[in-house]
Structure formats: C-alpha cells, structure tokens
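Down below is the structure, laid out as structure tokens.
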Amino acid sequence: MADGTNGSARQTLGALFEAAYTTAHPSTCLPPHLPPVPAGGRIIVIGGGKGSAAMAVAAEEHYIATGAADGISGLISTRHGFGLPTKIIKILEAGHPVPDANSVVGAQKAIELAKSAGPNDLVLCLLSGGASAIWAAPVQGVSFEAKQALTKQLLKSGAPISEMNCVRKHISQIKGGKLAAAVYPAKLLTLSISDVPGDNPDEIGSGPTVADRSTLADARAVLAKWKITPDPEIARALDDAQNETLKAGDPKLANSSYVIVAAPKASIETAGRIASERGYRVIMLGDDLEGEAREVARKHAEMALDAKRRGEKIAIMSGGELTVTVRGNGSGGPNQEYALGLAIALDGEPGIFGLAGDTDGIDGGGGNAGDPAGAMVFPDTLKRAEAFNLNAARMLENNDSTGFFRPLGDLILCGPTQTNVNDFRVILVDP
Numbered sequence: 001m002a003d004g005t006n007g008s009a010r011q012t013l014g015a016l017f018e019a020a021y022t023t024a025h026p027s028t029c030l031p032p033h034l035p036p037v038p039a040g041g042r043i044i045v046i047g048g049g050k051g052s053a054a055m056a057v058a059a060e061e062h063y064i065a066t067g068a069a070d071g072i073s074g075l076i077s078t079r080h081g082f083g084l085p086t087k088i089i090k091i092l093e094a095g096h097p098v099p100d101a102n103s104v105v106g107a108q109k110a111i112e113l114a115k116s117a118g119p120n121d122l123v124l125c126l127l128s129g130g131a132s133a134i135w136a137a138p139v140q141g142v143s144f145e146a147k148q149a150l151t152k153q154l155l156k157s158g159a160p161i162s163e164m165n166c167v168r169k170h171i172s173q174i175k176g177g178k179l180a181a182a183v184y185p186a187k188l189l190t191l192s193i194s195d196v197p198g199d200n201p202d203e204i205g206s207g208p209t210v211a212d213r214s215t216l217a218d219a220r221a222v223l224a225k226w227k228i229t230p231d232p233e234i235a236r237a238l239d240d241a242q243n244e245t246l247k248a249g250d251p252k253l254a255n256s257s258y259v260i261v262a263a264p265k266a267s268i269e270t271a272g273r274i275a276s277e278r279g280y281r282v283i284m285l286g287d288d289l290e291g292e293a294r295e296v297a298r299k300h301a302e303m304a305l306d307a308k309r310r311g312e313k314i315a316i317m318s319g320g321e322l323t324v325t326v327r328g329n330g331s332g333g334p335n336q337e338y339a340l341g342l343a344i345a346l347d348g349e350p351g352i353f354g355l356a357g358d359t360d361g362i363d364g365g366g367g368n369a370g371d372p373a374g375a376m377v378f379p380d381t382l383k384r385a386e387a388f389n390l391n392a393a394r395m396l397e398n399n400d401s402t403g404f405f406r407p408l409g410d411l412i413l414c415g416p417t418q419t420n421v422n423d424f425r426v427i428l429v430d431p
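What follows is the structure, given as structure tokens:
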C-alpha cells in the first residue's frame, strides 16, 4: 500500500471483498444456464436460499426478454430481508440460521409444486446456501419445535456445516434427494450457487435434489461426537429406516440434472487477480477451509508475520466456512471472531491489514438483514480499542466480536448481497 494508511487499506480490502461477491451475483452467473420452456409444457420454478430471490429475478428477466414469460410460474423461499420485487415468481421470506414457521410453509409449498409437474413440464430448482434452514419440512413424528431446538444446539456446538447438514437431512421430507423424489417422474433441473467446501451438491442446501452419501448412522454419530442429546422424537426419527435419504442409483433421480453456476473458487480467484494488479503476490490457501475461527486466525497471523519479516508484499486469501464454539453471550459470527483473533495475534504489527466477511452480507447467527458481514483489522486496531476500554482477549472469550469492532467503525455493513459463496478472508502484508 503506497501510503500505508488505514484509509488506503480500507479501500483495497473493500474492493477485494466486493469483487468476491459480485462475481457470483445471479444476474451474472445464472442466465447462460437457463433452459428453454419445454414444448407443450411449462417451467415450474421452486428454490430456496440466501441468493434465491436474486436468482428468481434473473430468471424472470431472462424469460420476459425471450418472450417466454407465460410459460413460467412458481415460488422461492429466501432469508428475511433478502426478498426482492418480482413480476411472476412469488417470494417467501423465512428464518435463517434458525428456521421459523415460514420455513415450514415454504418447504411444503415447494413439495406441492414439485408434485404438480406433468409429463411435459420442467421443474427448475434455484438453490443457494441457506436453504438448509430456510426450507424446513420435518419428517413424520418430529415437531417443528424439536427441529428448531436441534438447529440451535448444532449451531452452538461448533460442528462444521457438513456435519450439521448430515443430521438435518435425516429428519427432513425435502433434503437429501427427497425433493427430487417429489418431482419424479417429471424432469428436474437444479441450478445452484455453491457455498460449501468442496462444492459437493449433496451438501449445498442439504442436497434436496441429489443423492446423499451420508446415512442415518452418520447422523447419530455427529450428535454423539458433539455431545448433543436430542429431543426423544429426534432420536426415534434417526433410528427409523424410513427416514434414510436417497442414494446413488435411485430410480427417482433418473430425470434429474444438476449444474453449479457459481462457486467460491471463482470468487476468490477474481479477488486474487485484483490484488495481483495492485502489486501483491497472492497466496491462495484454498476455498474450502474449515475449523475454529480464532485458531485459524492465529495460524494465518503467523504466516503474515513470517512474510513481513522476509520483506514480502503478499496477499493471503482463503475461503471456506469457519465455525465458532459458543462459550459466551456476546454477539458476532465466525468472520468477526476470526478478525478479532487475527488482531490479537498480530498485536499491532505495522503494515499488516486484514478482512474477513461472509459473501452473503451477513455474518453469524443474528438473523437480521442489517447484521455485519464481517470486520476489518488494522495495525492500530488494539490501540484504538483501548480508548473505548475494550479488552480484546476478554471479548473474544465472550464471543463478542461485534461489540469489539462496532465502536471502532471497522464492521463491514453492506447488507444482503443476494448471493452466497461462503466466507472470504484476505490479509495484506506491506513491508
């Protein structure tokens, strides 16, 4: 950074973050994959996720522009605060990360629409991250309240998203390929925006339209691993073979196809090209990192400090989905907690700046559209915090990263981005 000031660092960090999420906006990535309306039939649009409202808008605009608007209809569910005005496809807002009553309504309507498809129709599923909570259809014998309580337990445990979804699939009527079963024998096309490490379709939105690799036994093992004692009705459901998910080769998946239209790797690579143009040597740590946010931050800080000692001008980038084991009662999220852990580990080292943000625009479990997306870190972060009597270590232990960064003005407040390709992290080292 030419002048080494917080202002220029803030501009560069913000530009990299914006590049990461705009690359995956549905208006850019979806239209090339939209199918024609089938002859003698219609396209029934269903979908769920934090990017699904923007996907619905992009689909509408495409079919209106091609004169095929009369051949489409449907409904998608998105997170509260993420809805957009539409002309044809209806939008329903629901709870995230903890499902609410609208999550149940939206899932039930999606299943009904799927079952209504005739032999000449095509069901188009617009799927994005967040669908695991935004769509909730508990299996028979499991109440919505029990499923909601289990979601809260899983969120607090620190379990990675893949393990959380393993459990949720096996107590759902829509996840784990069961939505595809509802569509069969009609044709189904899923267009998805990936937010999961590895881009496995069976993990994006808990894989409602694809075969599932996990089993009921796996789901029980996850609960045991994280020492979660579920409600008795959950335990009974996870012992019931009827609740197993669809597996590869199931005939009900024969008419289903699946395309990932945007993924974390492309978003991080776009940001990397911009950093390179600004003179940084880019180090990509991968788009699939998992782990405890504060521990990952400590490791990344060590890398940055080593580079500084060597006099290297580098940008350390990573994606994936970190977790937080909740011990305190503060407010925050994995990206903000990573940023706080990074600030502590860097301990005011000059010339090192960082950003961690969720590409959907909202970090953590507050559930409000105005929540922060993440936070930025500067060499004087800890010093400025002292002026507000903020104890970084104590606030980290209380999981109060939002409370730490808000007085400093270093939260990322961008609002819903209408996409979701997971977390984006960058550390800039200016020797």
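Going by the UniProt record's numbering, the sequence shown opens with residue 1, and the numbers climb by one from there.
Each residue gets a CB set at the ideal place from its N, CA and C atoms; glycine is no exception.
Nothing here was measured: the structure is a model prediction, and the numbers come from that model.
Contacts around residue i, its chain only, beta-carbon distance under 6 Å, and the 5 residues preceding and following it disregarded
i: A159; result: W226
i: S206; result: S132, N165, R168, K169, K175
i: G415; result: G361
i: G40; result: N120
i: M1; result: Model confidence at M1 stands at a pLDDT of 46, short of 50, so the residue's coordinates are unreliable; what they give is reported in the following sentence. Excluding positions up to five away in sequence, the list reads S8, A9, D430.
i: I283; result: I314, I316
i: V196; result: E203, I204
i: L390; result: F404
i: A110; result: I46
i: A369; result: G81, P416
Backbone secondary structure at residue i - three-state DSSP
i: T229; result: coil
i: T209; result: coil
i: S8; result: helix
i: Y258; result: strand
i: S77; result: strand
i: I174; result: coil
i: I88; result: coil
i: I64; result: helix
i: A53; result: helix
i: E295; result: helix
i: P379; result: coil
i: V105; result: helix
i: V429; result: strand
i: P138; result: strand
i: G403; result: helix
i: I412; result: strand
i: M1; result: Bear in mind that the predicted position of M1 carries a pLDDT of just 46, short of 50, making it too unreliable to give a figure here.
i: G374; result: strand
Classification of residue i by the beta-carbon crowding that lies within 10 angstroms, buried from 16 upward
i: L413; result: exposed
i: N420; result: buried
i: R425; result: buried
i: L428; result: buried
i: S116; result: exposed
i: Q11; result: exposed
i: P232; result: exposed
i: G118; result: exposed
i: T78; result: buried
i: V222; result: buried
Distance, residue j Cα to residue i Cα
i: T240; j: A387; result: The sequence shown places Asp at residue 240, rather than the Thr named in the question. Cα-Cα distance, rounded: 57 Å.
i: D430; j: E203; result: 38 Å
i: A217; j: A237; result: 12 Å
i: F144; j: Y184; result: 26 Å
i: A69; j: Y63; result: 5 Å
i: H300; j: G374; result: 17 Å
i: I234; j: L150; result: 8 Å
i: G95; j: S52; result: 14 Å
i: G332; j: R406; result: 10 Å
i: R394; j: V261; result: 42 Å
i: I76; j: A211; result: 22 Å
i: M376; j: I268; result: 17 Å
i: A54; j: A65; result: 16 Å
i: C302; j: Y338; result: According to the sequence shown, residue 302 is Glu rather than Cys. Approximately 14 Å between the Cα atoms of the pair.
Contacts around residue i, its chain only, beta-carbon distance under 7 Å, and the 5 residues preceding and following it disregarded
i: A107; result: W135, A136, A137, I174
i: E349; result: L305, K308, P379
i: R213; result: D202
i: V326; result: K156, N399
i: A58; result: P26, S27, L30, P31
Those residues which DSSP pairs with residue i across a bridge
i: F424; result: G357
i: K187; result: L122
i: S192; result: L127, I260
i: I43; result: I72, L122
i: S27; result: None, per the DSSP bridge assignment.
i: I316; result: I283, I427
i: T323; result: E292
Close beta carbons around residue i, own chain, < 8 Å, minus the five adjacent residues each side
i: T270; result: A19, A20, T23
i: N243; result: V139, H170, I171, L216, A237
i: D3; result: Per-residue confidence for D3 stands at a pLDDT of 41, beneath the threshold of 50, marking its modelled position as unreliable; no derived number is given.
Residue i Cβ short of 6 Å to the ligand GDP heavy atom set
i: N368; result: As presented, the structure is devoid of all ligands, the ligand GDP included, so that no description of it is given.
Residue i at chain D interface by Cβ criterion, 7 Å
i: I228; result: Here chain D cannot be found, since the structure has a single protein chain.
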